[in-house]
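Peer 1:
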Amino acid sequence: MTDRKGEIAANLARVEQRIAAACAAAGRPREDVTLIVVTKTYPASDVRILSELGVRHVAENRDQEAAPKAAECVDLPLVWHFVGQLQTNKVRSVAGYADVVQSVDRVRLVTALSKEAVRTGRELGCLLQVALDAGESGRGERGGVAPGGVEELAGAVAAAPGLRLDGLMTVAPLTGEYAGRQPAAFARLVDLSTDLRRAHPAATMVSAGMSADLEEAVAAGATHVRVGTAVLGVRPGLG
Ligand SMILES: *Cc1c(COP(=O)(O)O)cnc(C)c1O
Numbered sequence: 002m003t004d005r006k007g008e009i010a011a012n013l014a015r016v017e018q019r020i021a022a023a024c025a026a027a028g029r030p031r032e033d034v035t036l037i038v039v040t041k042t043y044p045a046s047d048v049r050i051l052s053e054l055g056v057r058h059v060a061e062n063r064d065q066e067a068a069p070k071a072a073e074c075v076d077l078p079l080v081w082h083f084v085g086q087l088q089t090n091k092v093r094s095v096a097g098y099a100d101v102v103q104s105v106d107r108v109r110l111v112t113a114l115s116k117e118a119v120r121t122g123r124e125l126g127c128l129l130q131v132a133l134d135a136g137e138s139g140r141g142e143r144g145g146v147a148p149g150g151v152e153e154l155a156g157a158v159a160a161a162p163g164l165r166l167d168g169l170m171t172v173a174p175l176t177g178e179y180a181g182r183q184p185a186a187f188a189r190l191v192d193l194s195t196d197l198r199r200a201h202p203a204a205t206m207v208s209a210g211m212s213a214d215l216e217e218a219v220a221a222g223a224t225h226v227r228v229g230t231a232v233l234g235v236r237p238g239l240g
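So the sequence shown is numbered by my numbering: it starts at 2 and just counts up by one.
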């Protein structure tokens, strides 16, 4: 057996160095940026190792996989983020283990999440997923609300019992005017966050940047980076 813990520890140290260097380059304190490790396709045993190594935030993108994994790790002091496209029929399950849902992109989902949060008495943090490839109306290819829809959706979350509006999230677009232009995409998200905080001052989270572009995200002002492969390795197959 390979030393999985040693491997993950070495990867984590490299990612930590990258975040620290990006913060230093941007003149930001290191504690401005929170690392979220995306554990999709990797087993609960890896989540346990991450916890032992001091990771406090993990993320998953498919309920089918996340629900049993979270159940196996229920004894660990972890904050669970849900970052995948979310169907309303999965809301009951996701609301059972997620602390933060980063992929809120439509009012129907807000209504369903609020109902579950109230039913279970658990407050759910919500990030609005912004689709920078969606134009000013409509939705993105991989989910997300268009920039023009952020204000209305934010109002819906803020008014929904059991939900807490925490901020904005994006995935760098593969198509459209921001394709391949991460710095511009992340700068746009940060501008939208500035606008959002005028009406919702507590919605300070800006979740952007992954293994390949976390430096660009930190430079632009991201508060949370979501890193999978750089910590756990290249995922087998799709993920
Ligand atoms: C998989 C995933 C990540 C992590 O991507 P890596 O390139 O493995 O770092 C981040 N955000 C979301 C929404 C993801 O689905």
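Where is the CB? At the ideal position from N, CA and C, for every residue including glycine.
#1: Cα-Cα, which of A60, L164 and A67 is closest to V39?
#2: Taking the runs of the beta strand (DSSP E) that are 3 residues or longer, which of them lie wholly in the segment 27–96?
#3: Residues in the same chain with beta-carbon distance under 8 Å from F83, minus the five sequence neighbours each way, listed in chain order, please.
#4: Touch check for the segment 117–126 and the segment 158–167: three-plus C-beta pairs under 8 Å?
#5: Closest to G1 by CA distance: which of T224, L36, A200 and E73 is it?
#6: Applying the 10 Å Cβ sphere with the 16-neighbour rule, what's the burial state of G122?
#7: Using C-beta distances below 7 Å, list every residue in its chain close to E216, excluding the 5 sequence neighbours before and after it, in chain order.
#8: Alpha carbon to alpha carbon, what distance is there between C74 and V48?
#9: Ligand 2: which residues have Cβ under 7 Å from any of its heavy atoms, chain order?
#10: Rounded to whole angstroms, what's the CA-CA distance from L153 to A11? Just pull it up for me.
#11: So E88 and D106 are supposed to be a Cβ contact under 8 Å. How far apart are they, rounded?
#12: Entirely within the segment 115–171 and at least 4 residues each: give me those alpha helix (DSSP H) ranges in chain order.
#13: Please say whether V226 and G210 have beta carbons closer to each other than 7 Å?
#14: Would the beta-carbon of L13 fall within 7 Å of that of S52?
#15: Which partner residues does R227 have in the DSSP bridge list?
#16: Could you compute how far the alpha carbon of F187 sits from the alpha carbon of A218?
#17: So the alpha helix (DSSP H) S194 belongs to, where does it begin and stop?
#18: In this structure, does DSSP put M2 in helix, strand or coil?
#19: Is V232 helix, strand or coil when you go by DSSP?
#20: Which residues mark the beginning and the end of the beta strand (DSSP E) in which M211 is found?
#21: Between which residues of its own chain and E117 is the CB-CB distance below 7 Å, once the five residues before and five after are set aside?
#22: Tell whether a beta-carbon distance below 7 Å holds between G168 and M206.
#23: Applying the criterion that 16 or more other CB atoms from any shown protein chain within 10 Å of the CB defines a buried residue, is A204 buried or exposed?
Peer 2: Well, looking at it:
#1: Position 38 of the sequence shown holds residue 39. Checking every option, the nearest Cα to that of V39 belongs to A60.
#2: 35–39, 58–61 and 80–83
#3: Looking up residue 83 in the sequence shown gives position 82. Closer than 8 Å at the Cβ level, and outside the excluded window around F83, lie A60, E61, N62, D64, A67, V95, A99, V101, V102, Q103 and S104.
#4: yes
#5: This structure does not reach residue 1, given that the chain is present from 2 up to 240, and the question cannot be answered.
#6: What you label residue 122 is simply residue 121 of the sequence shown in a count that begins at 1. Exposed.
#7: Working through the sequence shown from its first residue, we reach residue 216 at position 215. Correct list, in chain order: R19 and A23.
#8: Position 47 of the sequence shown, counting from 1, holds the residue named residue 48. Position 73 of the sequence shown, counting from 1, holds the residue named residue 74. Near 7 Å, if we compare the C-alpha coordinates of C74 and V48.
#9: Looking for ligand 2 in the displayed structure turns up nothing; the ligands present are ligand 1.
#10: Residue numbering aside, residue 153 sits at position 152 when the sequence shown is read from its first letter. Residue numbering aside, residue 11 sits at position 10 when the sequence shown is read from its first letter. The amino acid at residue 153 is misidentified as Leu; the sequence shows Glu. Their Cα atoms are separated by approximately 43 Å.
#11: Here residue 88 corresponds to residue number 87 of the sequence shown, with the count starting at 1. Here residue 106 corresponds to residue number 105 of the sequence shown, with the count starting at 1. Glu is not the amino acid found at residue 88; the sequence shown has Gln there. Contact doesn't hold; Cβ gap of about 12 Å is too wide.
#12: 151–160
#13: Position 209 of the sequence shown, counted from the first residue, corresponds to residue 210. Position 225 of the sequence shown, counted from the first residue, corresponds to residue 226. In this structure, V226 lies closer than 7 Å to G210 by Cβ.
#14: Start at 1 with the first residue of the sequence shown, and residue 13 comes out as number 12. Start at 1 with the first residue of the sequence shown, and residue 52 comes out as number 51. Contact flag unset, no.
#15: The residue you call residue 227 lines up with position 226 of the sequence shown. Its beta-bridge partners are I37.
#16: Along the sequence shown, read from residue 1 onward, the residue named residue 187 stands at position 186. Along the sequence shown, read from residue 1 onward, the residue named residue 218 stands at position 217. Spanning the two alpha carbons is a distance of roughly 6 Å.
#17: Counting from one through the sequence shown, the residue named residue 194 turns up at place 193. Per DSSP, S194 belongs to the alpha helix (DSSP H) from Q183 to A200.
#18: As a working mapping, residue 2 is identified with position 1 in the sequence shown. Because the pLDDT at M2 is just 49, under 50, the model does not fix this residue reliably, and the point stays unresolved.
#19: What you label residue 232 is simply residue 231 of the sequence shown in a count that begins at 1. V232: helix per DSSP, three-state reduction.
#20: If you number the sequence shown from 1, residue 211 lands on position 210. Segment: none, M211 is in no beta strand (DSSP E) and carries neither H nor E.
#21: Counting from 1 along the sequence shown, the entry for residue 117 is found at position 116. Here the set comprises V92, R93 and A96.
#22: The count along the sequence shown starts at 1 and reaches residue 168 at position 167. The count along the sequence shown starts at 1 and reaches residue 206 at position 205. Yes, the Cβ-Cβ distance between G168 and M206 is below 7 Å.
#23: Numbered from its first residue, the sequence shown carries residue 204 at position 203. Buried, since its Cβ has 16 or more Cβ neighbours within 10 Å.
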